[in-house]
Amino acid sequence: MTQRNPPRSLSTDFLIVGGGIAGYQTAINLLPLGSVTLVSRGSIVSGSSYYAQGGLALPWGFGYDAVESHVADTIRAGAGLCDPANVRVLVEEAEEAYATLVSLGVPFDRDSAGELLLTREAAHSRPRIIHAGGDKTGSLIVKTLAQNVHGHERFTFLTPFRLHRLLKEDSGRVAGGLFMSEDGQEWVSVRSGATILATGGFSALFARTTNPPSQVGDATAVAAAAGAQLERLAFTQFHPTVLDLPGQVPFLLTEALRGEGGHIVDQKGHRILFRYHPDGELAPRDVVSRALWLEARNRPGVKLFLSVVHLSENYLRQRFPQVYFHCLEAGIDLSREPAPIRPAAHFQMGGIRTDMDGRTTLSGLYAVGEVASTRVHGANRLASNSLLEALVMGNRVGRTIASLRAEGDLLPPEALEEGEPSPGATHEPGALSLEDLRILLWEKAGIVRTEEQVAMGEEEVLAALASEKTGETTPKEALLHNALTLSRLLFEDLKTAPRVGANYFVESRNSWGGSSPDSAHAGSKEKTV
Ligand code: SIN
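Positions 1 to 529 (the numbering used here) are the ones given, in order, by the sequence shown.
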């Protein structure tokens, strides 16, 4: 057994876990109130927001009509599970979030007259998405936020560390976290007045994903182990247009390409989506992904492509530089030929249950961004509402914490008993690996499933958990344990969650042919197993 160093102990007013847009936006709000320690598993910016291409949805114009139509589109895409009051808060506070980004210096794209360029994405009834660097919106926002935080005298950055356990006071209040370095050699115990999780979703638990490999829901499982309520785990959004080249990591081809007139076609050049939805390529994301899945299943040998050959090379280079050059390097010139596509796991609508102030069900613990379930996305998120949620909720958590702090609440504890590393899970050689688990989830909890598949998937996960031993855990083993725990909760939720939107079931493998998969979006007998 290796000898570990005893944990270092730190104290901070506010502890944020996660270095994406949600984490940094929260940090910007909290730095005026006290010291902030941000812990990240990666480099200065990490998580999925860096890779967000499409943009930021705004009720552009910010008048009554603009707000009402953004609210209505969000609720319609959400397929019956949005909380309408929460959606309204999200949209009404978009203007404040946008103004802050502009004041911090995010270079949103504008025309020669200085007017913002707006684009459209699926299920939006009008163009309202702003973008930066063409298709580099996520990276430019998160870098700008990070630049405004790093170097601040009250800011401490700790990396690369993963959250091992939440620390609690005797009262049950969460008062910090115990972190393990990525090499397992160093432990840091951080005491805090408020602990904010901004660690993103868990789409990398699926074999095919647009997310970076770190997004396996590690911190979500840690929060669950501490007693935080999770919900709506059954609702994973699969993005339809993800580059599909043999041996290559899936790469997102932004929905904005369809907003700019891109078509989804088969190898004969026939558009397929109008058979599934009257809005064709601009149908809600869950509908489009399901349609692609069903086409592939029902028409053996079919190949599906995203075609933007109507756009010039010059335009593509400027408007979609990231996508254009990535495809070019892979041997596809998008101005001349279509790109092969297949859906991939992209976003979680559910997660750690919070209210619209970011409060979880555990005192002292907050969650912001994709890690949280605020119910604003319902059963299927509207395109480009994710960055908006991270920004708006970062502001709201900041305000919640500011008012508690003003009342003299939220001080870090003097000391905590629990800051010692404790034994964790270990796995026998040959047991289910993280890679095996990712394939299992893709196959048994993917875009379309049957009850039998879910039962089989759950059984395998339970068997893997039952075979774990207790001992001195390594980061890899702790991560696998958390991934298994989260998968168990996901399979459990799949059995009972409402079957709408992204939670799509069919009766048996034999019923995969035939009727329109879009009927599931509106509610049909096919989705009732
Ligand atoms: C995309 O650019 O297609 C992704 C944007 C989103 O997830 O809303």
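The C-beta atom is built at its ideal place from N, Cα and C for all residues, glycine as well. Here the structure is a predicted model, which means the values were calculated and not measured.
Where Ser181 is concerned, the enclosing beta strand (DSSP E) starts and stops at Val174 to Ser181. Classified as exposed, Glu313 has fewer than 16 neighbouring CB atoms from the shown chains inside 10 Å of its CB.
Per DSSP, Ile16 is one residue of the beta strand (DSSP E) stretching across Arg8 to Val17. DSSP assignment within the stretch 258-288 yields the following whole beta strand (DSSP E) runs of 3 residues or more, N-terminal first: 263-266. Annotation: the continuous alpha helix (DSSP H) that includes Arg399 extends over Asn385 to Ala406.
Contact between Leu253 and Leu306 holds, with the beta-carbon distance rounding to 5 Å and staying under 8 Å. For the options Ala464, Arg396, Ala345 and Leu316, the alpha carbon positioned closest to that of Val448 is the one of Ala345. Among the bridge pairs identified by DSSP, Trp60 is matched with none. Excluding residues up to 5 positions away in sequence, Phe14, Val36, Gly398 and Ile401 lie with their Cβ nearer than 7 Å to the Cβ of Leu30 in the same chain. For Ile196, the uninterrupted beta strand (DSSP E) run begins and ends at Trp187 to Leu197, by DSSP. Under the 10 Å beta carbon count, Gln53 is surrounded by 16 or more other beta carbons and is classified as buried.
Exposed is the label assigned to His270, since fewer than 16 other Cβ atoms lie within 10 Å of its Cβ. Taking the Cα of Asp183 as reference, the smallest distance to any Cα among Arg299, Ala175, Lys168 and Pro160 is reached at Pro160. If you draw a straight line from the Cα of Glu121 to the Cα of Asn211, it comes to about 20 Å. Excluding five sequence positions before and after Leu411, the CB atoms of its chain that fall closer than 6 Å to its own CB belong to Gly193, given in chain order. Residue pairing by DSSP places Thr156 opposite Thr37 in a beta bridge.
Judged by their CB atoms, Ile272 and Ala146 are not nearer to each other than the 7 Å cut-off. Taking a contact as a CB-CB distance under 8 Å, the pair Leu118 and Trp60 counts as one, their CB atoms being some 6 Å apart. Per DSSP, the continuous beta strand (DSSP E) segment holding Phe305 begins and ends at Leu304 to Ser307. For Phe325, the uninterrupted alpha helix (DSSP H) segment begins and ends at Pro321 to Glu329. Around the Cβ of Ser103, a 10 Å sphere holds fewer than 16 other Cβ atoms; the residue is exposed.
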